[in-house]
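Colleague:
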Amino acid sequence: MRLENPFKKVERLKRVKNVPGENPDDRVPPGQFLTDRFPVLTYGSTPHYQDLTSWDLHVFGLVAEEKRFSWQDLMEMATNEQTVDIHCVTRWSKLDTTWTGIPWQQFIEQLGVHPDATHVMVHCEQGYTTNVSLDVLDDDDTMLAYLYEGKPIEPDHGYPMRLLVPKKYFWKSAKWIRGFEFMRGDTPGFWERHGYHMEGDPWLEERFGW
Ligand SMILES: Nc1nc2c(c(=O)[nH]1)N[C@H]1C(S)=C(S)[C@@H](COP(=O)(O)O)O[C@H]1N2
Ligand SMILES: [Mo]
0 MRLENPFKKV
10 ERLKRVKNVP
20 GENPDDRVPP
30 GQFLTDRFPV
40 LTYGSTPHYQ
50 DLTSWDLHVF
60 GLVAEEKRFS
70 WQDLMEMATN
80 EQTVDIHCVT
90 RWSKLDTTWT
100 GIPWQQFIEQ
110 LGVHPDATHV
120 MVHCEQGYTT
130 NVSLDVLDDD
140 DTMLAYLYEG
150 KPIEPDHGYP
160 MRLLVPKKYF
170 WKSAKWIRGF
180 EFMRGDTPGF
190 WERHGYHMEG
200 DPWLEERFGW
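And the structure:
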């Protein structure tokens, strides 16, 4: 299967949230330290894909119509690029990471999300899940990312596609996404069942749920 060159469609909407200012310390949430590295945090092993012909993204639950988007379908959608800071609950933060992908707000426009839906369960390859509210996702920095620093995301970091929710701890930015389940009410995902916070706001240090 031939994939279109994604660079073509990139709208140059590059910008930096948490505006740098003079002092990078102001961009680092409490209890975090800065790293220039990009650590890999995965529960389990990294999935590897030979090609994406049988890959799809399943949208189900409280939507007008259950749908499976092929890789090609997604490559035809609008994209943007953004530069954001990321914060892992294990205390590393990394500034100015640049991602390209499909803006969440544009992605869900076509889904006919039922008005009763309040949360999404994100489903990944190998069973990882995480819960995020629609209010949190409904922001211009949330995206279905497939390029990191202009290149396909490395397998360890989520190839072919990951969710990016930069304003929450990074466990909510699910790697190797395969489905979005629209739900009425909140229910814990993988780490949330194992003690992580349901919300995970790094500025409020919402690390653990107890
Ligand atoms: N599918 C999946 N997504 C995942 C994880 C995982 O184990 N599986 N780990 C999460 C956690 S705890 C973190 S901190 C980030 C790490 O992303 P990175 O490995 O690209 O740094 O991915 C999140 N997304
Ligand atoms: Mo994490």
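Numbering of the sequence shown is given in the numbering used here, commencing with residue 0 and proceeding in unit increments.
Built from N, CA and C at the ideal position, the CB exists for glycine as well.
Remember, it's a predicted structure, so these values are computed and weren't measured experimentally.
#1: Could you give the distance in angstroms between the alpha-carbon of Pro154 and the alpha-carbon of Ser44?
#2: Identify the residues that DSSP records as bridge partners of Val22: which are they?
#3: Check whether the Cβ of Thr45 lies closer than 8 angstroms to any heavy atom of ligand 2, and answer yes or no.
#4: Quick one: what does DSSP say Pro38 is sitting in, helix, strand or coil?
#5: For ligand 2, list every residue whose C-beta falls under 7 angstroms from any of its heavy atoms, going in chain order.
#6: Name the two residues that bound the continuous beta strand (DSSP E) containing Val83.
#7: Compute the Euclidean distance between the alpha carbons of Glu204 and Tyr48, then round it to the nearest angstrom.
#8: Just how far apart, CA to CA, sit Trp98 and Trp209?
#9: Could you spell out where the alpha helix (DSSP H) holding Leu94 opens and where it closes?
#10: Buried or exposed for Ser172, please, with buried defined as at least 16 other CB atoms from any protein chain shown within 10 angstroms of its CB.
#11: Sorry if obvious, but does the Cβ on Asp95 come closer than 8 angstroms to a heavy atom of ligand 1?
#12: Rounded to whole angstroms, what's the CA-CA distance from Tyr195 to Lys167? Just pull it up for me.
#13: Between which two residues does the alpha helix (DSSP H) containing Val135 stretch?
Modeller: In short, the structure shows the following:
#1: The residue labelled residue 154 in the question sits at position 155 within the sequence shown. The residue labelled residue 44 in the question sits at position 45 within the sequence shown. Rounded to the nearest angstrom, the two C-alpha atoms are 10 angstroms apart.
#2: Along the sequence shown, read from residue 1 onward, the residue named residue 22 stands at position 23. Here residue 22 turns out to be Asn, not Val, going by the sequence shown. Asn22 is not bridged to any residue.
#3: Along the sequence shown, read from residue 1 onward, the residue named residue 45 stands at position 46. Answer for Thr45: no, Cβ out of range of ligand 2.
#4: On the sequence shown, position 39 is the one that residue 38 refers to. In this structure, Pro38 counts as coil in the three-state DSSP scheme.
#5: Leu40, Cys87, Val88, Thr89, Tyr168, Phe169 and Trp170
#6: Here the question's residue 83 lines up with position 84 in the sequence shown. It spans Thr78 to His86 - the beta strand (DSSP E) in which Val83 sits, taken as one unbroken run.
#7: The count along the sequence shown starts at 1 and reaches residue 204 at position 205. The count along the sequence shown starts at 1 and reaches residue 48 at position 49. Those two C-alpha atoms are separated by around 35 angstroms.
#8: Position 99 of the sequence shown, counted from the first residue, corresponds to residue 98. Position 210 of the sequence shown, counted from the first residue, corresponds to residue 209. Cα-Cα distance, rounded: 33 angstroms.
#9: Taking the first residue of the sequence shown as position 1, residue 94 is located at position 95. Per DSSP, Leu94 belongs to no alpha helix (DSSP H); it is in the beta strand (DSSP E), Trp91 to Pro102.
#10: Counted from its first residue, the sequence shown places residue 172 at position 173. Classification for Ser172: buried.
#11: Within the sequence shown, residue 95 is the residue found at index 96, counting from 1. Not under cutoff, so the answer is no.
#12: To locate residue 195, count along the sequence shown from 1; it is residue 196. To locate residue 167, count along the sequence shown from 1; it is residue 168. The alpha-carbon atoms of Tyr195 and Lys167 are separated by roughly 12 angstroms.
#13: Here the question's residue 135 lines up with position 136 in the sequence shown. Looking at the DSSP string, the run of the alpha helix (DSSP H) that includes Val135 is Leu133 to Leu136.
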